[in-house]
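The structure appears below as structure tokens.
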Amino acid sequence: MNAVELTAALKEESKRLGFDLAGATPAAAPSEDVTRLERWIAEGRAGEMCYLAERIDAYRDPAKVLDNAKSILMLGMNYRTVEPARATAGQARVSRYAWGEDYHDVIRRRLGKLAEFHRRLAPAARVRGVVDTAPLLERHFGRLAGLGWIGKNTMLINQRLGSWFFLAALLTTEELEYDEPTRADHCGSCRDCLDACPTGALTGSYQLDARKCVSYLTIESREPAPEELRAAVGDRLFGCDACQEACPWNRRTPATTEPAFHPGPDMNPVELAGLL
1 MNAVELTAAL KEESKRLGFD LAGATPAAAP SEDVTRLERW IAEGRAGEMC YLAERIDAYR
61 DPAKVLDNAK SILMLGMNYR TVEPARATAG QARVSRYAWG EDYHDVIRRR LGKLAEFHRR
121 LAPAARVRGV VDTAPLLERH FGRLAGLGWI GKNTMLINQR LGSWFFLAAL LTTEELEYDE
181 PTRADHCGSC RDCLDACPTG ALTGSYQLDA RKCVSYLTIE SREPAPEELR AAVGDRLFGC
241 DACQEACPWN RRTPATTEPA FHPGPDMNPV ELAGLL
């Protein structure tokens, strides 16, 4: 099976498994993206996320994720469901991505099936599927695989799905037929995401200071939110979707067909009494 046939088969199978987006790119990290990450870390904008600096060498080379990796099939899975309900007294908001089943579990199961399918087509191949936790610049590889562009809110944005999708990657030692990178930036003069950020974490177009980001403050940080930001954090208990909800590309996106991502009981919004 040649690269064209293998790529077509993998994309078709990924669609059958529930992935909404698929694109292939060489397994070579663009040096300018790693340089930007290093600078961002050096400026202190990563906050307490020390693991980013500790893994910087791995970010430079996808072969640290899969030895002798030649190609990456980048995948996207839509998670948009219903619109968020307004939180009232005794309730709090949770980011949409956490409403349903843990996406790591959902996507890992599908990646495992896709990897097995790949091995049946190319028995000599070494394959690894990853979602979110591997030292891989997923958004940047997503752009290189043609899935979308990096928006002013630093999210990967697709013209059909907006930014309401999870990213995953299937690394392989096989050559694939590569998609054209997304070169156009469709944000234009819009700055809705910057204006919507409640804490001013988007310090400029394509610039995020994690230390001010509500998602960082309520998920990554082990310290209480700084006193000067607490009012802006408000009733957000876990994560924040403000910059995504403000994005025009997210206003008419289709709902997911994946039932696992629909809100669980008391998740939209969360009843605080139930957490005690």
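Going by my numbering, the first residue of the sequence shown is number 1, and it counts up by one from there. Every residue, glycine too, gets a C-beta built ideally from N, C-alpha and C.
Pull up the distance between the alpha-carbon of residue i and that of residue j, whole angstroms please.
| i | j | result |
| --- | --- | --- |
| Asp-57 | Cys-193 | 32 Å |
| Tyr-51 | Ile-157 | 26 Å |
| Thr-7 | Leu-121 | 11 Å |
| Gly-44 | Ser-221 | 14 Å |
| Arg-39 | Cys-213 | 18 Å |
| Glu-138 | Ala-28 | 12 Å |
| Leu-73 | Ser-14 | 10 Å |
| Leu-114 | Ile-107 | 10 Å |
| Glu-271 | Ile-219 | 18 Å |
| Arg-86 | Pro-269 | 7 Å |
| Ala-225 | Cys-197 | 16 Å |
| Ala-24 | Ala-242 | 30 Å |
| Asn-2 | Gly-18 | 25 Å |
| Gly-151 | Tyr-97 | 19 Å |
Is residue i helix, strand or coil by DSSP?
| i | result |
| --- | --- |
| Pro-248 | helix |
| Ser-71 | strand |
| Thr-257 | coil |
| Phe-19 | coil |
| Arg-222 | coil |
| Arg-236 | strand |
Throw me the rounded Cβ distance for the residue i and residue j pair, which I believe falls under 8 Å.
| i | j | result |
| --- | --- | --- |
| Ala-124 | His-118 | Not confirmed; about 11 Å, so no contact. |
| Arg-93 | Leu-202 | At roughly 19 Å, the Cβ-Cβ gap does not stay under 8 Å, so Arg-93 and Leu-202 are not in contact. |
| Lys-64 | Pro-135 | 6 Å |
| Leu-111 | Val-131 | 7 Å |
| Gly-100 | Ala-210 | Gly-100 to Ala-210, Cβ: 25 Å. No contact. |
- Item | the segment 40 to 56 touching the segment 163 to 182, judged by at least three CB pairs closer than 8 Å | no
- Give, in chain order, every unbroken run of the alpha helix (DSSP H) that is at least 4 residues long and sits entirely within the segment 55 to 139. 56 to 60 and 103 to 121
- Message: Please give the ranges of any beta strand (DSSP E) in the segment 145 to 179, keeping only runs that are unbroken, at least 3 residues long and fully inside the region.
- Response: 165 to 172
- Item | Contiguous beta strand (DSSP E) assignments of at least 3 residues, all confined to the segment 174 to 210 | 202 to 204
- Query: Is the segment 224 to 235 touching the segment 247 to 259, taking contact as three or more C-beta pairs under 8 Å?
  - Reply: no
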